[in-house]
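Input: a single structure, listed below in structure tokens.
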Amino acid sequence: MKWVTAIIKPFKMDDVREALSEHGIQGITVTEVKGFGRQKGHTELYRGAEYVIDFLPKLRLELAVPDEQVDEIIDAISKSAHTGKIGDGKIFVFDLEQAVRIRTGETGEDAF
Amino acid sequence: MINAMTGPHQTIHLFAILFASELSILLVMGFALIGAGLSRTKNTTDILAKHLGLLATACFVFLIFGWHILRSKPINTYIPSFHLQLGLSSHEAVVFLMEFMAMAIILSIVACITVERMRIWGLMFFAFVLVAFILPVEAFWVWKQGFLHALGFVDVSGAAVIHLAGAAAGLAALLLLGPRKHRYEKSGATQAVFPGSNLSLAFIGIFLTWFGFLGLNFGGAMIWDNQYQIFTLAAVTVNTCIAASVSVLVAMILVRLVYGKLDFTIMINAAMMGMVAISASPALPHIHTVVFIGFVAGLLVVPSITLFNRLRLDDPVGMLTTQGVGAIWGLLALACTREFALVAKAKDLDWSWYHQLGIQALGIAVIFLWVFVTSFVVLYLIKVLLGLRVDPKFENKGLDAIDYGMQAYPEFNISGRNINRP
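Below, the structure is given as structure tokens:
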């Protein structure tokens, strides 16, 4: 089992959700986050004064994926969240030791 | 003027002034909303509380102190006197209402310029001295039988007495307070900028301000300059709208050319600037003069905001620009208009435009220096005795948390602190 975390552009959420549903993903968790990457934010003009926006708004989505599905899920997120412009985001994959569905007590991939 | 009339004429006249002064209160509300909209949410309760507290101060302190300076028989044209005499006739009541609104508007300007830093009690004490003494004296010079009035200084609806005085008092406070914490601490091309938190509020604010200006400019023309009559209502209202509109359009084009994008907050300032500039003489009969005054006002907004920013005068609402520079432009422009030559001819004055320009400049200098210097002294005393500014150690918490323990938007974000706004 793998735990996939993706940081994406907020307006790409619907595309990503659709792509993941097509691959049979049963549930994801989404959080509104702020952060910066290699560009370190960007500059804006307010009343003639230039300033740096240090943290840009992004969405972080997290989902548990069976081992054999990891590559296609990564591929689906990459394609659906892609714009080709700076700030498209990142995908991180972790090993997942255990999963439990609280209501029934099912464990492992059955709990997804 | 009002006393000389009788019957239905007088009733209509009284009603018109009453209507104008009641509209003027919308200016206070407009300024409060613009101030709240263009500052951070952690200071919203504070700016709203200040405006209500200052409106109350303006009314009560003016009733007990300032009003008597304005209506007592003066010692000479420079020094007014003070005789306490409570009780108002209905004629006096409408004048009182209009003049107390003027005081309230000045206090609102000061509150907006010092937003996010000044503690409310220091501001309330300052407002007390302003309304009890400083403002009635300069108003006496222009509105009553003072020396500026005698010289022929023209300020029909309070460009100098209200707006310039407010900017001067605000500037004195700003110099003693300094900028908001972190605002100019960054070195390099970029600055730490705190964008306005709620532009929808600022939008409602500018419309209330616009509405209020229609009343203020008209009421001012009726009360403070005796040559205007009730039939000027339409002219004043239309001229105020024209000046504001032209100023907005010019500023929009200029902002787009200079910055490569639009800035809504500067558009708000442009509208205010046009209305302040025209308030020096809102009943001008020639449309092209009004358009010209609005046009230059629109041109002045961007350079003026940039200049104050360069000078590190941290004025989030831009009132130094709109009320200060706008009033000065309006007052000076007046001397060069053809209408003015006609007025001077009618009054049999030995008139030349550069002579009038000199008088206007003198009036501007006298009012600015009087309000600025006395405000500076008073504020300095308050600073020593009571303190003016929020403790920098706690400034990041916001005045709402420090003075009120009451957030304007408690459900807005869980941490109570936006990550992009220190």
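Protein chains in written order, with my numbering: chain W, 1 to 112; chain S, 1001 to 1422.
Quick reminder that beta carbons are idealized off the backbone N, C-alpha and C, glycines included.
So what does residue i bridge to, in DSSP terms?
| i | result |
| --- | --- |
| residue 29/W | 62/W |
| residue 2/W | 65/W, 95/W |
| residue 100/W | 107/W |
| residue 1389/S | 1118/S |
| residue 7/W | 60/W, 90/W |
Whole-angstrom Cβ separation of residue i and residue j, contact assumed at under 8 Å?
| i | j | result |
| --- | --- | --- |
| residue 990/S | residue 1383/S | Only positions 1001 to 1422 of chain S appear in the structure, and residue 990/S is not among them; the question remains open. |
| residue 1247/S | residue 1221/S | That belief does not hold up - the Cβ atoms of residue 1247/S and residue 1221/S are roughly 20 Å apart, past 8 Å. |
| residue 1164/S | residue 1328/S | 7 Å |
| residue 1371/S | residue 1134/S | 6 Å |
May I ask which residues mark the beginning and end of the beta strand (DSSP E) holding residue i?
| i | result |
| --- | --- |
| residue 1280/S | It is not in any beta strand (DSSP E) - residue 1280/S carries neither H nor E in the DSSP assignment. |
| residue 46/W | 42-46 |
So with Cβ pairs under 8 Å, would you call residue i a contact of chain S?
| i | result |
| --- | --- |
| residue 50/W | yes |
| residue 45/W | yes |
| residue 37/W | no |
Using a Cβ-Cβ cut-off of 8 Å, state whether residue i counts as contacting chain W.
| i | result |
| --- | --- |
| residue 1270/S | no |
| residue 1259/S | yes |
| residue 1415/S | Note on residue 1415/S: pLDDT 47, under 50, position unreliable in the model; the coordinate value appears next. Not closer than 8 Å to any Cβ of chain W, the Cβ of residue 1415/S fails to qualify, so no. |
| residue 1323/S | no |
| residue 1179/S | no |
| residue 1195/S | yes |
| residue 1191/S | yes |
| residue 1420/S | A caution first: residue 1420/S carries a pLDDT of 48, below 50, which makes its placement in the model unreliable, though a value can still be read off. Output row for residue 1420/S: interface = yes. |
| residue 1265/S | yes |
| residue 1217/S | no |
| residue 1154/S | no |
| residue 1302/S | yes |
| residue 1306/S | yes |
| residue 1309/S | yes |
| residue 1326/S | no |
| residue 1001/S | Only weak support exists for where residue 1001/S lies, its pLDDT of 45 falling under 50; the value from the coordinates is given anyway. No, residue 1001/S lies away from the interface with chain W (no Cβ there is under 8 Å from its Cβ). |
| residue 1409/S | no |
Start and end of the alpha helix (DSSP H) containing residue i?
| i | result |
| --- | --- |
| residue 1380/S | 1353-1385 |
| residue 52/W | Not the alpha helix (DSSP H): residue 52/W falls in the beta strand (DSSP E), residues 49-53. |
| residue 1329/S | 1326-1335 |
| residue 1137/S | 1135-1143 |
| residue 1309/S | 1287-1310 |
| residue 71/W | 70-80 |
| residue 1075/S | Neither: residue 1075/S is in no alpha helix (DSSP H) and is coded neither H nor E. |
| residue 1151/S | 1147-1151 |
| residue 1253/S | 1232-1259 |
Helix, strand or coil for residue i per DSSP?
| i | result |
| --- | --- |
| residue 1118/S | strand |
| residue 35/W | strand |
| residue 1397/S | helix |
| residue 1035/S | helix |
| residue 1086/S | coil |
| residue 12/W | helix |
| residue 1195/S | coil |
| residue 1419/S | Residue placement at residue 1419/S is poorly supported in this model, since its pLDDT is 47, which falls under 50; the coordinates still yield a value, given next. Of the three classes helix, strand and coil, the one that applies to residue 1419/S here is coil, per DSSP. |
| residue 1042/S | helix |
| residue 1008/S | helix |
| residue 1186/S | coil |
| residue 1209/S | helix |
| residue 1411/S | coil |
| residue 1157/S | coil |
| residue 1050/S | helix |
| residue 1057/S | helix |
| residue 1001/S | The predicted model places residue 1001/S with a pLDDT of 45, which falls under 50 and marks its position as unreliable, so this point remains unresolved. |
| residue 1163/S | helix |
| residue 19/W | helix |
| residue 1321/S | helix |
| residue 112/W | coil |
| residue 1263/S | coil |
| residue 1405/S | coil |
| residue 1338/S | helix |
| residue 1313/S | coil |
| residue 1067/S | helix |
| residue 1274/S | helix |
| residue 1220/S | helix |
Nearer than 7 Å: is that true of the beta carbon of residue i relative to any heavy atom of the ligand FMN?
| i | result |
| --- | --- |
| residue 1017/S | Absence of the ligand FMN is noted for the structure shown, with no ligands found whatsoever. |
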